[in-house]
Amino acid sequence: MAEYSVFSLLRNAFSGNRDWKPAWRKPDPKPSYDVIVIGGGGHGLSTAYYLAKEHGITNVAVLEKGYLGSGNVGRNTTAVRSNYLLPENIHLYEHSMKMWENLSHDLNYNVMFSQRGVLNLAHTPAQLDDYARRGNAIIHSGADSVLMTPAEIEWLMPGIDASGSARFPIIGGLMQWRAGTARHDAVAWGYARGADRRGVDILENCEVTGFIKDGDRVVGVTTTRGEIRANKVAVAVAGSTGHVMNMAGIDKLPIESHVLQAFVSESLKPFLDTVVTFGMGHFYVGQSDKGGLIYGGDLDGYNSYAQRGNLPIVEEVNSEMLALFPSLARVRVLRSWGGVCDMSMDGSPIITTGPLPGMYLNCGWCYGGFKATPASGWCFAYTIAKDEPHPINAPFTLDRFHRGAIIDDKGQGSTPRLH
Amino acid sequence: MLITCPYCGPRDVSEYSYQGDGNRTRPDPASTDQEAWNAYVYDRLNPRGEHHEIWQHSGGCRAHLKVTRNTLTHVISSVGFARDAGHRKSDGHRKTGAEA
Ligand SMILES: Cc1cc2nc3c(=O)[nH]c(=O)nc-3n(C[C@H](O)[C@H](O)[C@H](O)COP(=O)(O)OP(=O)(O)OC[C@H]3O[C@@H](n4cnc5c(N)ncnc54)[C@H](O)[C@@H]3O)c2cc1C
Ligand SMILES: [Zn+2]
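The listed protein sequences correspond, in order, to chains W and Z. Number 15 in full-length UniProt numbering belongs to position 15 of the first sequence; there are no gaps in the numbering. Number 31 in full-length UniProt numbering belongs to position 31 of the second sequence; there are no gaps in the numbering.
Right, here's the structure in full:
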């Protein structure tokens, strides 16, 4: 019987909820493993889960420097979608979307995946043409997408300023109905429990401080909890990629770390039941089940490893929200925070073997990697187990930049803060 | 975050535009060394700690500045004109005031 079910709820209710097992153990590190995954974020945990589930590799440790979920997996704004333009990206994110649709069942853990739709607003005819083109590309690749009229948008979200006198009048939008949100902590906890139950050791407060090499080959790591050896060392540390890879002697990568802020308002009655993005700036908002508006906008715009941002972006994001929803002017902001994003030079991720023998690298998720959590771990586990990429992640190599095979969905070029 | 412009004094970060990593040097425009161009365009040091970067005081005197800033603490340890650090784009082509 599944560990979490109506029956286990009842049984534990009658015994005063004293008999629940912790969702994952707190083991001591073993001297060696088949695979070490550095980084206990969503991607590291899902990688460990699929290594065990799909490839039967269970002698695995996930090394997390803080507590589980302390990185971006617990800091993001939870939007999940697959409405990209380029085929490489659509295939990766649509694979992820299909996995999301069954994730709570697969993990026996409610990740609260809610397909409430994500709408991109258009404010100029050129933008609407561009959305029509993107929508066609999305449909062509097998995902869903539909154009909406201003009247439909106003009906869908009564709070929005759909009047012709808005500063940037809304002339339409591109909707993906299968897109939505998921509860980010539950994703981390669900994967952690699933991996743990299959034998994976999750080692928290275990910061990697260096790599052990045999010649060029990576054969283990030094950590704050001692030396740990492994046949294969996989790196999935998101915003810390530059710093961690530097310890392995890789001093340059096509990555810059930038800080992204997010905000939550006080709880409101149900106000907005989809996620909506502003087309004349960088702003998006959704509403959580608790009633808080969860919203964010642009990066602060300079290299940063600090998990906090500056005030100009706070002002900019909030004023963009008011341009769309003037009725929110008196709503109070409850909390804001920052997370460090691994911005790649083409805005697309890297999931690959190498760059050193014995090493595997997963990074470059920019501020859009939460939605990729299932597929990223699934592809990375395949790559680690088979020592070659799955066709889905084969285009996402590290050397694509020097080969001129970049995957630049937005066509922004190598200015990572613009992706 | 305040950046102290050598002309204008301490000003809010919103007056400045970030021009990015100041550690890179552009290959000679006539160079056909593809690796050197690739490295210039795509590869970054991205340190956690002291970072050399270029900012423009676009909302002020418009000077380009070479700033050393800690990416973990945001503490700025030095600011100077980019031209003094060899970041002048048109070295050699620049006319003096009298010639211009
Ligand atoms: C404010 C914000 C909003 C976002 N919104 C969205 C969104 O709406 N939709 C979306 O799809 N994506 C979003 N993202 C992006 C998404 O959160 C990330 O791309 C994704 O979470 C990164 O993968 P991860 O979960 O593995 O990262 P993380 O959770 O950051 O995992 C990396 C882990 O590595 C650990 N680590 C670092 N160094 C070491 C070391 N030396 N030793 C051991 N462990 C180490 C860190 O502590 C961390 O826990 C957002 C990001 C931010 C910051
Ligand atoms: Zn100035």
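Cβ atoms here follow ideal geometry from the backbone N, Cα and C, with glycine treated the same way. Computed from a predicted model, the values in this text were never measured in an experiment.
Bridge-paired residues (DSSP) for residue i
i, result
"Trp-24 of chain W", "Trp-24 of chain W pairs with nothing; no bridge assigned."
"Pro-10 of chain Z", "Z:Thr-4"
"Met-175 of chain W", "W:Leu-119, W:Val-146"
"Phe-283 of chain W", "W:Phe-278, W:Gly-297"
"Thr-223 of chain W", "W:Val-208, W:Gly-226"
"Ala-234 of chain W", "W:Val-37, W:Tyr-360"
"Ala-61 of chain W", "W:Ile-36, W:Asp-201"
"Val-67 of chain Z", "Z:Glu-53, Z:Val-79"
"Arg-44 of chain Z", "W:Leu-253"
"Gly-309 of chain W", "Its beta-bridge partners do not exist; DSSP assigns none."
"Thr-181 of chain W", "W:Ala-79, W:Ser-114"
"Asn-102 of chain W", "According to DSSP, Asn-102 of chain W bridges with nothing at all."
"Phe-263 of chain W", "W:Tyr-295, W:Ser-336"
heavy atom of ligand 1 below 6 angstroms from residue i C-beta
i, result
"Ser-163 of chain W", "no"
"residue 433 of chain W", "With chain W running from 1 to 419 in the structure shown, residue 433 of chain W is simply not present."
"residue 428 of chain W", "Lying outside 1 to 419, the shown extent of chain W, residue 428 of chain W is not represented and no answer is given."
"Ala-234 of chain W", "no"
"Leu-260 of chain W", "yes"
"Phe-396 of chain W", "no"
"Gly-49 of chain Z", "no"
"Glu-64 of chain W", "yes"
"Tyr-40 of chain Z", "no"
"Phe-370 of chain W", "yes"
"Tyr-367 of chain W", "yes"
"His-43 of chain W", "yes"
"Glu-316 of chain W", "no"
"Asn-72 of chain W", "yes"
"Gly-411 of chain W", "no"
beta-carbon residue i near ligand 2 non-hydrogen atom, thresh 6 angstroms
i, result
"Gly-354 of chain W", "no"
"Gly-60 of chain Z", "yes"
"His-57 of chain Z", "yes"
"Tyr-7 of chain Z", "yes"
Residue j beta carbon less than 7 angstroms from that of residue i
i, j, result
"Pro-27 of chain W", "Asp-214 of chain W", "no"
"Pro-125 of chain W", "Arg-217 of chain W", "no"
"Arg-417 of chain W", "Gly-338 of chain W", "no"
"Arg-193 of chain W", "Trp-20 of chain W", "no"
"Cys-366 of chain W", "Gly-347 of chain W", "yes"
"Gln-115 of chain W", "Arg-178 of chain W", "yes"
"Ile-250 of chain W", "Gly-242 of chain W", "no"
"Leu-299 of chain W", "Ser-265 of chain W", "no"
"Asn-72 of chain W", "Ala-306 of chain W", "no"
"Val-187 of chain W", "Thr-373 of chain W", "yes"
"Thr-223 of chain W", "Cys-206 of chain W", "yes"
"Ser-46 of chain W", "Gly-413 of chain W", "no"
"Gly-210 of chain W", "Thr-58 of chain W", "no"
"Ile-407 of chain W", "Leu-86 of chain W", "yes"
"Leu-203 of chain W", "Pro-29 of chain W", "yes"
"Ile-54 of chain Z", "Ala-82 of chain Z", "yes"
"Met-245 of chain W", "Leu-253 of chain W", "yes"
"Asp-342 of chain W", "Gly-364 of chain W", "yes"
"Phe-396 of chain W", "Pro-326 of chain W", "no"
"Tyr-109 of chain W", "Gly-190 of chain W", "yes"
"His-64 of chain Z", "Gly-22 of chain Z", "no"
"Val-259 of chain W", "Ser-319 of chain W", "no"
Integer Cβ distance of residue i from residue j, believed to fall under 8 angstroms
i, j, result
"Ala-182 of chain W", "Ala-48 of chain W", "Wrong, their Cβ atoms sit about 19 angstroms apart, outside the cutoff."
"Glu-88 of chain W", "Gly-142 of chain W", "That pair is no contact at about 14 angstroms."
"His-140 of chain W", "Ile-392 of chain W", "Contact flag wrong, Cβ pair sits at about 17 angstroms."
"Ser-32 of chain W", "Ile-212 of chain W", "The Cβ separation is near 11 angstroms, so there is no contact."
"Tyr-131 of chain W", "Leu-147 of chain W", "7 angstroms"
"Ile-171 of chain W", "Ala-230 of chain W", "The Cβ separation is near 55 angstroms, so there is no contact."
"Val-79 of chain Z", "Pro-6 of chain Z", "6 angstroms"
"Tyr-16 of chain Z", "Phe-401 of chain W", "Wrong, their Cβ atoms sit about 28 angstroms apart, outside the cutoff."
"Tyr-295 of chain W", "Val-317 of chain W", "7 angstroms"
"Thr-274 of chain W", "Gly-117 of chain W", "4 angstroms"
"Gly-180 of chain W", "Phe-113 of chain W", "7 angstroms"
"Gly-44 of chain W", "Val-37 of chain W", "5 angstroms"
inquiry  = Using 8 angstroms as the cut-off, can you tell me whether the region 39 to 58 of chain W makes contact with the region 227 to 245 of chain W, which would need three or more C-beta pairs spanning the two stretches below that distance?
reply    = yes
key: Cβ contact check for the region 277 to 284 of chain W and the region 349 to 365 of chain W: 3 or more pairs under 8 angstroms   = no
ask   = Can you find at least 3 beta carbon pairs, one from the region 67 to 82 of chain W and one from the region 159 to 167 of chain W, that sit closer than 8 angstroms?
value = no
ask   = Within the chosen definition, does the region 44 to 53 of chain Z reach the region 66 to 76 of chain Z through at least 3 CB pairs nearer than 8 angstroms?
value = yes
message = With three or more beta-carbon pairs closer than 8 angstroms as the criterion, would you say the region 34 to 45 of chain Z touches the region 268 to 278 of chain W?
response = no
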